[in-house]
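Chemist: Take this structure, written in structure tokens, and hold onto it; I'll ask about it next.
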Amino acid sequence: MSKDATIERLYILDGGVAQVDDASIYSPGVNVGRPMTLSCNAYLIRHQNTWMLWDTGTQDDLIDEPGGRIIAHGIRGTVIKTIASQLAEIGVAPDDIAKLALSHAHYDHVGNCRLFRNAEWIAQRTEYDAMFGANPDEYGFETELYASLRNNKTTLIDGDHDVFGDGAVRIISTPGHTPGHCSLLLNLPETGKVLLSGDVAHNRRNFRCRCVPSFNVDKLQSIASMDKVEELLDIEGAALFVNHDVVQNGTLPHAPQWIA
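Residues in the sequence shown are numbered consecutively from 1, following UniProt numbering.
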């Protein structure tokens with residue numbers, strides 16, 4: 001099939017807000033002691049007659065805790081709109097999601113995995129092994145959030161992967177933040193190519209300066225993944241959507257609007 005194939009539309013779902021008291025956990029030595037707020041998203045993709053979800057946001061039940069909760073790495077998660085309600089607004093039921101892929105297994109990306117029991121989970125093998133290995137706590141993973149994925153149909157991948165075999169949706173291996181961290185390259189009919197960066201970097205400044213969070217599992221891998229993303233952006237002429245960058249996030253349309 002043509003490598004110029006496109007998805008039909010991309011919905012950005014509000015996956016909650018993350019807050020930290022010391023922003024330097026994301027940029028050691030910079031912004032020490034300064035509070036920081038991060039946007040968290042999930043991304044709904046329509047490809048021909050198939051719905052795919054990239055990340056699942058912060059767990060919906062936190063909507064009952066207005067002050068949020070500190071979940072991992074001293075990060076407080078808060079939910080204003082549930083993922084389930086945003087899908088319903090679009091007219092999509094959780095069981096309609098046919099494919100699920102995760103940038104990585106931190107709480108704000110796997111919080112609602114249990115909603116999508118019918119989806120085929122496409123998982124990087126190294127991340128899968130960390131999630132279900134002997135020491136998930138070592139990576140700041142909350143196993144109860146994604147334990148249900150054991151029952152999903154699962155396809156394990158190693159490295160980059162063309163999800164539909166037509167170039168429209170490509171998982172890009174970008175390890176370092178976690179062992180099997182990934183990004184996602186999409187080809188949209190009007191916007192063109194967009195790379196959803198996951199947590200390769202937590203804002204555009206940190207990407208430019210190659211800042212590596214203190215809790216990343218591998219600093220050299222993290223920098224190599226940022227270099228890989230920058231090269232890919234150049235080769236593909238793609239725009240970079242940085243998941244946690246609140247300034248950029250405020251400029252992008254969110255569901256029920258979509259990007260074509």
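Don't be surprised by glycine CBs; every beta carbon is placed ideally from N, CA and C.
With a threshold of 8 Å, are at least 3 pairs of Cβ atoms found where one atom belongs to the region 45-52 and the other to the region 62-69?
Modeler: Taking 8 Å as the limit for Cβ pairs, the verdict is that the region 62-69 does not touch the region 45-52.
Chemist: Thinking C-alpha only, which one of Ser27, Ser39, Val17, Tyr139 is nearest valine 246?
Modeler: Looking at the Cα atoms, Ser39 is the closest of the given residues.
Chemist: Applying the criterion that 16 or more other CB atoms from any shown protein chain within 10 Å of the CB defines a buried residue, is isoleucine 235 buried or exposed?
Modeler: Exposed, since its Cβ has fewer than 16 Cβ neighbours within 10 Å.
Chemist: What span of residues does the beta strand (DSSP E) with asparagine 206 cover, start to end?
Modeler: Careful: asparagine 206 lies outside any beta strand (DSSP E), inside the alpha helix (DSSP H) at 204-209.
Chemist: Since threonine 82 contacts valine 17 with CB under 8 Å, what's their CB separation in whole angstroms?
Modeler: Rounded, the Cβ-Cβ distance is 13 Å, inconsistent with contact.
Chemist: For arginine 125, tell me which candidate among Asp95, Asp55, Thr178, Pro94 has the shortest Cα-Cα distance.
Modeler: Answer by Cα proximity: Thr178.
Chemist: Go through its chain and collect everything with a Cβ distance to alanine 238's Cβ below 8 Å, but skip five positions before and after it.
Modeler: The answer, listed in chain order, is Leu185, Gly192, Lys193, Val194, Leu195, Leu232.
Chemist: Could you tell me which of Glu127, Ala123, Arg114 sits nearest to serine 148, measuring between CA atoms?
Modeler: Looking at the Cα atoms, Arg114 is the closest of the given residues.
Chemist: Checking 9 Å against the spacing of the C-beta atoms, do aspartate 202 and valine 242 come in under that value?
Modeler: The sequence shown places histidine at residue 202, not aspartate. In this structure, valine 242 lies closer than 9 Å to histidine 202 by Cβ.
Chemist: One question on the structure: do threonine 174 and leucine 102 come within less than 9 Å of each other, judged by their Cβ atoms?
Modeler: Against a cut-off of 9 Å, the Cβ pair of leucine 102 and threonine 174 comes out as no contact.
Chemist: On the three-pair Cβ rule with 8 Å, is the region 23-40 touching the region 207-214?
Modeler: At 8 Å Cβ cutoff, the stretches touch.
Chemist: On the three-state DSSP scale, how would you describe valine 247?
Modeler: Here valine 247 sits in helix by DSSP.
Chemist: Give the straight-line distance between the Cα atoms of aspartate 4 and isoleucine 122, rounded to the nearest whole angstrom.
Modeler: About 22 Å.
Chemist: How about leucine 100 and leucine 156: do their beta carbons lie closer than 9 Å?
Modeler: For leucine 100 and leucine 156, no; Cβs fall outside 9 Å.
Chemist: Could you give the DSSP three-state label for threonine 82: helix, strand or coil?
Modeler: Coil at threonine 82, not helix or strand.
Chemist: Alpha carbon to alpha carbon, how far is isoleucine 90 from alanine 255?
Modeler: Between isoleucine 90 and alanine 255, the C-alpha separation is close to 7 Å.
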